[in-house]
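Heads up: the protein sequence lines correspond to chains A and B, in order.
For the first sequence, numbering that gives the first Met the number 0 assigns the number 0 to the initial residue and increments by one for each residue that follows.
For the second sequence, numbering that gives the first Met the number 0 assigns the number 0 to the initial residue and increments by one for each residue that follows.
By construction, the Cβ of each residue, glycine as well, lies at the ideal position given by its N, Cα and C atoms.
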Amino acid sequence: MSEQPKGWTDARVAEIIGGLLRAGVISAATVVIAGAAVYLIRHGHAAVHYSVFKGEPSDLRTLSGIRQDALSLHGRGIIQLGLIILIATPVARVAFSVVAFALEHDALYVVVTLAVLAVLIFSLTGAHL
Amino acid sequence: MNTLELTVLVWCASLLAGFLGALTGMGGGVVLTPILTLAFGIDIRYAIGATLVSVIATSSGAAAAFVREGFSNIRIGMFLEIATTVGAVVGASVALRLPTSAIAIIFGVVLLYSASVSSRVELDQPLEGEPDRISKFFRMDSTYPTAAGPRHYQVHRVPAGFSLMFVAGIISGLLGIGSGAVKVLAMDQVMRIPFKVSATTSNFMIGVTAAASAGVYLRRGYIDPGLAMPVMLGVLLGSLWGARILPLTKTRVLRLVFAVVVGALAIEMIYHGLKGNV
């Protein structure tokens, strides 16, 4: 443990994780609010349809579709992009922890954290579920 | 009701749910899905998708503050997240195949359990004696700050706690809630981790657990941006507000009242689930 690079302690890691989570939530909320403004100005008077489940159209279910919609400045697409940032925030936290445990020379927890990251990536990309 | 009116009403309900959820320690998600389904007549699948997203927001927002105070144990959290994320993927996959009436009934039962846990008094007595070998191998023992300086604690019964975390993950994935009540039970009661450490570490884990099922729900079209938007923004603001005034508030009576409300929502969910009109 004496070979730890200076400053890579659990407290420092906690500090960075705190900042990462905060930045993720703030940027997600900002994008969602921007999308909400576009969506409500354009569709605020439309009728609601949530009592019957139809499922989202395919462009709001995939990363590439959401990016496309957001780039064409569709309100719902921008909101969905904000939600993707939000979902990515804990994933980024886990990914950062892999690096942090590696810097702390904690091989055991690098493996533990990689296992969690693998499950997350599997669930976010596995179309068969 | 048009989109704008619904957005404003759902935002207000979410703000209140997030506020009370933070003050009572139950989280906002647990009451939101029942309110969205029962009061707004929203299909439970849309309600679950929107609530799940808000759960990630509150957990990450609160964890950002807690993790710096030194209560959360990142190692315990990461180790147990193996169980909760696998459970969440399983739960979400099962949810896609269950009839909505069954989900409503399960939701009601979990609500009843949460209500009973919340009205209980929290005890904080560390168990003495040998921690088990797994907790030693994974170096889970740590310290947490108290008024009298850092206090050491040991972690016990890891296999039982790990199994219960798997169940917490399944519930979280199935219902789109944080299932903080089960997570705290696993750490506080089973693994004998001090309450404050259990509560903050549980909160820390909720975001990752919810993210694990969010992918499944997103691909299945459960996450509607128009509905998730007011829910996420409302719950997030409400929970930050609640957390801010929490130290200044006597929550005993509030927790009791909230538990009664949650209990009533639970019975309503079970009733509608049994009648098959959810």
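Could you pull out every residue in the same chain whose Cβ sits closer than 6 Å to the Cβ of residue i, ignoring the five residues on either side in sequence?
i, result
"B:F78", "F137"
"B:A12", "I34"
"B:I269", "I104 and G107"
"B:E267", "L37"
If you reduce the DSSP assignment to three classes, tell me which class residue i lands in.
i, result
"A:P89", "helix"
"A:A45", "coil"
"A:Y38", "helix"
"B:P98", "coil"
"B:S197", "helix"
"B:T145", "strand"
"B:R191", "coil"
"A:G125", "coil"
"A:R11", "helix"
"B:M204", "helix"
"B:I73", "helix"
"B:R218", "helix"
"B:M278", "Any answer about residue 278 of chain B is impossible in this case: the structure gives chain B only from 0 up to 277."
"B:V89", "helix"
"B:V277", "coil"
"A:V111", "helix"
For the beta strand (DSSP E) containing residue i, name the first residue and the last one.
i, result
"B:P149", "G148 to Y152"
With residue i as the anchor, note down where its alpha helix (DSSP H) starts and where it stops.
i, result
"B:P246", "Per DSSP, B:P246 belongs to no alpha helix (DSSP H) and is neither H nor E."
"B:P33", "G28 to L37"
"B:T6", "T2 to T23"
"B:T50", "I43 to E68"
"A:H104", "Taken as a continuous stretch (DSSP letters only), A:H104 belongs to no alpha helix (DSSP H), as it is neither H nor E."
"B:L264", "R251 to K274"
"B:P158", "V157 to L174"
"B:G40", "Counting along the chain, B:G40 falls outside any alpha helix (DSSP H), and DSSP gives it neither H nor E."
"B:I133", "R132 to F136"
"B:G179", "G179 to V183"
Can you find the residues in the same chain that come closer than 7 Å, C-beta to C-beta, to residue i, ignoring five residues on each side of it along the sequence?
i, result
"A:E2", "Bear in mind that the predicted position of A:E2 carries a pLDDT of just 48, short of 50, making it too unreliable to give a figure here."
"A:L132", "There is simply no residue 132 of chain A to check, as chain A begins at 0 and stops at 128 in what is shown."
"B:L51", "G175, A209, S212, A213 and Y216"
"B:D131", "H155, R156 and V157"
Residues in its own chain within less than 8 Å of residue i by CB, not counting five upstream and five downstream?
i, result
"B:T142", "P149, R150, H151 and Y152"
"B:V66", "I73, T199 and F203"
"B:L273", "S100 and I104"
"A:W7", "A99, L102 and E103"
Within the chosen definition, does the segment 155-162 of chain B reach the segment 184-192 of chain B through at least 3 CB pairs nearer than 8 Å?
-> Two segments are said to touch when three or more pairs of C-beta atoms, one from each, lie closer than 8 Å; by this definition the segment 155-162 of chain B touches the segment 184-192 of chain B.
Could you tell me whether the segment 198-208 of chain B touches the segment 221-231 of chain B, where touching means 3 or more Cβ pairs closer than 8 Å?
-> Counting C-beta pairs closer than 8 Å gives fewer than three between the segment 198-208 of chain B and the segment 221-231 of chain B, which falls short of the contact rule.
Mind listing, in chain order, the continuous alpha helix (DSSP H) runs of no fewer than 4 residues lying wholly within the segment 47-84 of chain A?
-> 62-70
May I ask you to verify whether the segment 231-250 of chain B touches the segment 9-19 of chain B, counting CB pairs closer than 8 Å and requiring at least 3?
-> yes
Cβ contact check for the segment 105-118 of chain A and the segment 67-82 of chain A: 3 or more pairs under 8 Å | Fewer than three beta-carbon pairs drawn from the segment 105-118 of chain A and the segment 67-82 of chain A are found closer than 8 Å, and the two stretches are therefore not classed as touching.
For the 8 Å Cβ check, are there 3 or more pairs between the segment 15-26 of chain A and the segment 57-74 of chain A?
-> no
Cβ contact (3+ pairs, closer than 8 Å) linking the segment 37-54 of chain A and the segment 86-101 of chain A | no
Inspect the CB distances between the segment 171-185 of chain B and the segment 40-56 of chain A and report whether three or more fall short of 8 Å.
-> Fewer than three Cβ pairs drawn from the segment 171-185 of chain B and the segment 40-56 of chain A lie within less than 8 Å of each other, which leaves the two stretches out of contact.
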